[in-house]
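S.K.: Handing you this structure, nothing more for now.
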Amino acid sequence: MPDDRNPLEGLMCPVPLPAGEKILLGHGSGGRLSAALLQEVFLAAFRNPALAKLNDQAVVDVGGVRLAFTTDSFVVNPLFFPGGDIGSLAVYGTVNDLAVGGAQPLFLSAGFIIEEGLPLETLRRVVESLRAAAKAAGVEVVTGDTKVVERGKGDGLFINTSGIGRVPAGVNLSADQARPGDCVLLSGTLGDHGIAILSQRGGLEFETPIISDLAPLHSLVAAMLEVTHSIRCLRDPTRGGLSSTLNEFAAQSRVGIVVEESAIPIREEVKGACELLGLDALYVANEGRLVAVVAAPEAERVLGAMHSHPLGANARLIGKVVDAHPGIVTMRTCLGTSRIVDMLAGDQLPRIC
Amino acid sequence: MKYLDEYRDARLARGLIADIAQRATRPWVLMEICGGQTHTLMRYGIDELIPSQVELVHGPGCPVCVTALETIDRAIQIASLPGVTLVSYGDMLRVPGSHSDLFHVKAGGGDVRVAYSPMEALKVARANPRRKVVFLGIGFETTAPANAMAVWQGAREGLGNFSMLASHFLVPPAIRMLLESPRNRVQGFIAPGHVCTVMGYREYVELSRKYGVPIVVGGFEPVDLLEAISMLVTQLEQGRAEVENQYVRSVACEGNRFAQELMDKVLEVCDRKWRGIGMIPQSGLRLRAEFAAYDAEKIFDVAATTTEEPAECISALVLQGLKKPVDCPAFAVRCTPATPLGAPMVSGEGACAAYYQYRRLAHKV
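So the protein lines, in turn, are chains A and B.
For the first sequence, counting from 1, position 114 maps to 128 in the working numbering; every step adds exactly one.
For the second sequence, counting from 1, position 363 maps to 402 in the working numbering; every step adds exactly one.
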């Protein structure tokens, strides 16, 4: 029988959506408000086993071939940032959503919503970057669409990409498969992308410029799956950051997760920027990192495979899955105490002082 | 990272914890004033590390939390007016007023923007001469100089479309109120390091002498706070009541003279209502009469409403250190950061929100 129960029910404690409510920016943050929107509007309308898994991609069987299918929209501001732009982001974002399902990405679609008045040169640069990124990731853009909206009705340029990939036999990754005793691995430093964007947006300058971690993760995933198929969950911690990803694993798998603060790699300059901006790197977006839950006996080998790949050179074992406190993520602090790592309600807001 | 790692060092922390355990021979009740300090204590579980006879209670020093509902309602009304751009520190946007919050004003088409500094509001005003740009200037003595600077600079430029809705709070009158309460339990205070960076600590010397209470100016990292606790316990055990400065890397006795002079030029002391506590005489700062042209309260004709907190909320007791957030029957049940009943749950630095965010597991919610 297909498991179409709502995996968020009872555990995510999403913020309820009151009647007469309007959409807030926080509904797009990847936190509890997003979870509420998903549950009360979208999951209420669409119910099927592939969707009910709530993974970054749906895996569907088509004539005996397991296809991964995903879609993502990109509304980043500014369009160009250190380490990438909306074009490369639109490719790698979707490639990564396929990759964390264990799929080999094959084809992409690209839809452009362009605001009247956008310089053609800007569009050319973005398209060229998108082309180069697709080539680098080994995917083909096989269909597309353009729409132009009136000035003031878009933020320069929005891009939607959908992607299809093939899931190899024996690979079965899903956020609801974490089991007590499993190990949690993180592929690299946290927060580089989010802070690169924020510093660009806020006109902040640091001695060492912070570059986005934007990268296609499918070859790293392939290297990990080559070692073992006992990787249970894989996700790229994009909006909402590591905290949202771990909370999703905990909720969907109905397990607790304990992470070690001292094991989580964060660049000094990102730490500094977070201190300055009053942000917590655990909630900052990444675009080229992945979090894996792996059966304990295989963890060392998977970690070794990650270390042998350029995108996993800084990979670390950051925590364990436990049977205590299901649905809740805790952190052992650098002082040895324990605290909850909560999912934010909406966007992380800079503090007043 | 320099100035960070050494203040989060586990070995140093363990040494200080052992020191506190060795010195404390009797129960003592200590209060940290600042919400940032509360946040650190909860985040690192410092109250669990120190011996149980040293009890930490949490003060009213979260500016977002104590900003009166009337001020939030007024900001919401002003931001909803046509032609107005309201600029605010980020965490004010989520704070619920009586019926709405600034996020909802924004979603409803209002022009509400987040800034890190009030000087950004001046930039917005310069770039949009046809819009009335209002900065929501709240905070303690920490943010007051920057807010005052924005008004002073706006006035110097003759920027006719800029104004500030000012609601500043002062820490020493709140400490005085706590100490004069017949129910006071607090025997030693950790004074807020950032406030003292601006104001220095002479005012605290007067408080310490008058009420015979030790006060240590403390920083915001775990080692800072453990050191401040150790200094307070040492004073209490030795029967001393003095002001000591733990946060020497930032605080000087005189404070920042330039900032103080600027505040004095632009702002004046007034009575101020604290959300969850009530009116405290001479505990606020408002714009001086000569800056009335930049005072949003005077420019915009929005009626002040008097609003009541839900009866169930025990925030007045929490903010005075008489109860812990977990003593409240509504905590994490009917009162959560998404559905706050009162002041200390509305911002991440409020005591209730800090308990909710980091510690509700320990209290089996």
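Just so it is clear, CB atoms sit at the ideal spot from N, CA and C, and this is done for glycine as well.
Write down every uninterrupted run of the alpha helix (DSSP H) in the region 205–243 of chain A whose length is 4 residues or greater and which is fully enclosed by it, in chain order.
M.R.: Taking only runs of at least 4 residues, the alpha helix (DSSP H) segments lying wholly in the region 205–243 of chain A are 206–215, 232–241.
S.K.: Given this structure, state the Cα-to-Cα distance separating Asp169(A) from Glu129(A), to the nearest angstrom.
M.R.: Stepping through the first sequence from its first residue, residue 169(A) is reached at position 155. Stepping through the first sequence from its first residue, residue 129(A) is reached at position 115. In a straight line, the C-alpha of Asp169(A) is about 7 angstroms away from that of Glu129(A).
S.K.: Who are the Cβ neighbours of Leu25(A) in its own chain at under 6 angstroms, not counting the five residues just before and after it?
M.R.: As a working mapping, residue 25(A) is identified with position 11 in the first sequence. In this prediction, Leu25(A) scores a pLDDT of 44, lower than 50, which makes its location untrustworthy; the coordinate-derived value is nonetheless stated afterwards. Correct list, in chain order: Ala265, Gly341.
S.K.: Rounded to whole angstroms, what is the Cα-Cα separation between Leu231(A) and Leu256(A)?
M.R.: Residue 231(A) sits at position 217 when you count from the first residue of the first sequence. Residue 256(A) sits at position 242 when you count from the first residue of the first sequence. When rounded, the distance between both Cα atoms is 16 angstroms.
S.K.: Residues of chain B with CB under 9 angstroms from Glu289(A), in chain order?
M.R.: Against the first sequence, residue 289(A) aligns to sequence position 275. Simply Met40, Leu43.
S.K.: Step through the CB atoms of chain B and report whether any lies within less than 9 angstroms of the CB of Thr222(A).
M.R.: Taking the first residue of the first sequence as position 1, residue 222(A) is located at position 208. Output row for Thr222(A): interface = no.
S.K.: For a cutoff of 9 angstroms on Cβ pairs, would you count Glu87(B) as touching chain A?
M.R.: As a working note, residue 87(B) is residue 48 in the second sequence. Interface residue, yes.
S.K.: Verify the CB distance criterion: does Met203(B) have a CB-CB separation below 9 angstroms to chain A?
M.R.: Taking the first residue of the second sequence as position 1, residue 203(B) is located at position 164. Not an interface residue.
S.K.: The alpha helix (DSSP H) that contains Glu282(A), what's its start and end?
M.R.: Against the first sequence, residue 282(A) aligns to sequence position 268. Unbroken alpha helix (DSSP H) run through Glu282(A): 282–291.
S.K.: Contact between the region 205–215 of chain A and the region 137–145 of chain A: three or more CB pairs below 8 angstroms?
M.R.: The region 205–215 of chain A is not in contact with the region 137–145 of chain A.
S.K.: Could you tell me whether the region 173–183 of chain B touches the region 66–75 of chain A, using the rule of 3 or more Cβ pairs below 8 angstroms?
M.R.: No contact exists between the region 173–183 of chain B and the region 66–75 of chain A.
S.K.: Alpha carbon to alpha carbon, how far is Asp111(A) from Met302(B)? Give it in angstroms, no decimals.
M.R.: Taking the second sequence and counting its residues from 1, one reaches residue 302(B) at position 263. Taking the first sequence and counting its residues from 1, one reaches residue 111(A) at position 97. Cα to Cα, Met302(B) sits roughly 52 angstroms from Asp111(A).
S.K.: Given that His374(A) touches chain B, what residues does it touch there, using C-beta distances under 9 angstroms?
M.R.: Summary: the structure shown does not reach residue 374(A), with chain A confined to residues 15 through 367, and so no result is reported for it.
S.K.: Could you give the first and the last residue of the continuous beta strand (DSSP E) run that contains Ala416(A)?
M.R.: As displayed, chain A neither begins before 15 nor continues past 367, which places residue 416(A) out of reach and without an answer.
S.K.: Counting beta carbon pairs with one atom in the region 372–389 of chain B and one in the region 98–118 of chain B, are three or more of them shorter than 8 angstroms?
M.R.: Yes: the two stretches touch, three or more of their Cβ pairs being nearer than 8 angstroms.
S.K.: Just checking my contact of Val298(A) with Leu260(A) at CB under 8 angstroms: how many whole Å lie between their CB atoms?
M.R.: If you number the first sequence from 1, residue 298(A) lands on position 284. If you number the first sequence from 1, residue 260(A) lands on position 246. With 8 angstroms as the limit, Val298(A) and Leu260(A) do not qualify as a contact, their Cβ atoms being about 14 angstroms apart.
S.K.: If the cut-off is 8 angstroms on Cβ atoms, which residues from the region 124–150 of chain B count as contacting chain A, listed in chain order?
M.R.: Listed by position along the chain: Tyr128, Gly129, Asp130, Met131, Leu132, Arg133, Phe142, His143, Lys145, Ala146, Gly147.
S.K.: Is Thr344(A) close to chain B, meaning its C-beta is less than 9 angstroms from at least one C-beta of that chain?
M.R.: Within the first sequence, numbered from 1, the residue matching residue 344(A) stands at position 330. Taking Cβ atoms only, chain B reaches closer than 9 angstroms to Thr344(A), which makes this a yes.
S.K.: Spell out a yes or no on whether the region 211–229 of chain B and the region 351–364 of chain B are touching, meaning 3 or more CB-CB pairs, one atom from each, closer than 8 angstroms.
M.R.: Yes, the region 211–229 of chain B touches the region 351–364 of chain B.
S.K.: With 9 angstroms as the threshold, decide whether the Cβ of Gly216(A) is near any Cβ in chain B.
M.R.: Residue 216(A) sits at position 202 when you count from the first residue of the first sequence. It does; some Cβ of chain B falls within 9 angstroms.
S.K.: If we cut at 9 angstroms on Cβ distances, does Pro184(B) have a partner in chain A?
M.R.: In the second sequence, the residue the question calls residue 184(B) occupies position 145. So no, Pro184(B) is outside the interface.
S.K.: Using CA atoms only, rank isn't needed, just tell me which of Glu289(A), Met345(A), Pro223(A), Gly158(A) is closest to Leu122(A).
M.R.: Within the first sequence, residue 122(A) is the residue found at index 108, counting from 1. It is Gly158(A) whose Cα lies nearest to the Cα of Leu122(A).
S.K.: So the alpha helix (DSSP H) Ile115(B) belongs to, where does it begin and stop?
M.R.: Translated into the one-based positions of the second sequence, residue 115(B) becomes position 76. From DSSP, the alpha helix (DSSP H) with Ile115(B) extends over 108–118.
S.K.: At the level of alpha carbons, what is the spacing between Val141(A) and Pro96(A)?
M.R.: Sequence index remark: in the first sequence, residue 141(A) carries index 127 (1-based). Sequence index remark: in the first sequence, residue 96(A) carries index 82 (1-based). Distance between the alpha carbons of Val141(A) and Pro96(A) is about 17 angstroms.
S.K.: For the alpha helix (DSSP H) that contains Ala104(A), what are its first and last residues?
M.R.: The residue you call residue 104(A) lines up with position 90 of the first sequence. Start and end: 100–113.
S.K.: For the 8 angstroms Cβ check, are there 3 or more pairs between the region 265–276 of chain A and the region 184–203 of chain A?
M.R.: Touching, per the Cβ criterion.
S.K.: Under 9 angstroms between the Cβ atoms of Leu200(A) and Ile278(A)?
M.R.: Taking the first residue of the first sequence as 1, we reach residue 200(A) at position 186. Taking the first residue of the first sequence as 1, we reach residue 278(A) at position 264. Result yes, Cβ atoms of Leu200(A) and Ile278(A) sit closer than 9 angstroms.
S.K.: Could you compute how far the alpha carbon of Pro223(A) sits from the alpha carbon of Gly286(A)?
M.R.: Position 209 of the first sequence holds residue 223(A). Position 272 of the first sequence holds residue 286(A). If I take the Cα positions, the gap works out to 12 angstroms.
S.K.: Residue range of the beta strand (DSSP E) that Pro99(B) falls in?
M.R.: Locating residue 99(B) in the second sequence gives position 60, where the first residue counts as 1. Element bounds for Pro99(B): 93–100.
S.K.: DSSP three-state call for Gln321(B): helix, strand or coil?
M.R.: Within the second sequence, the letter at position 282 stands for residue 321(B). Residue state, collapsed to three classes: strand.
S.K.: Alpha carbon to alpha carbon, how far is Arg215(B) from Glu307(B)?
M.R.: In the second sequence, the residue the question calls residue 215(B) occupies position 176. In the second sequence, the residue the question calls residue 307(B) occupies position 268. Approximately 19 angstroms, taken between the alpha carbons.
S.K.: DSSP state of Val255(B), grouped into three classes?
M.R.: In the second sequence, counting from the first residue as 1, residue 255(B) sits at position 216. Correct three-state label for Val255(B): strand.
S.K.: Tell me where the alpha helix (DSSP H) around Leu218(B) begins and ends.
M.R.: Here residue 218(B) refers to the residue found at position 179 of the second sequence. Residues 210–219.
S.K.: Would you mind telling me which residues of chain B sit closer than 8 angstroms to Arg46(A), beta carbon to beta carbon, in chain order?
M.R.: Numbered from its first residue, the first sequence carries residue 46(A) at position 32. The contacting residues are Ala377.
S.K.: Rounded to the nearest angstrom, what separates Ala377(B) and Thr106(B) at their Cα positions?
M.R.: Reading the second sequence from its first residue, position 338 is the one you call residue 377(B). Reading the second sequence from its first residue, position 67 is the one you call residue 106(B). Taking the straight line from one Cα to the other gives about 18 angstroms.
S.K.: Answer with buried or exposed for Asn91(A), where buried requires no fewer than 16 other C-beta atoms within 10 angstroms of its C-beta.
M.R.: The sequence position of residue 91(A) within the first sequence is 77, counting from 1. That one is exposed.
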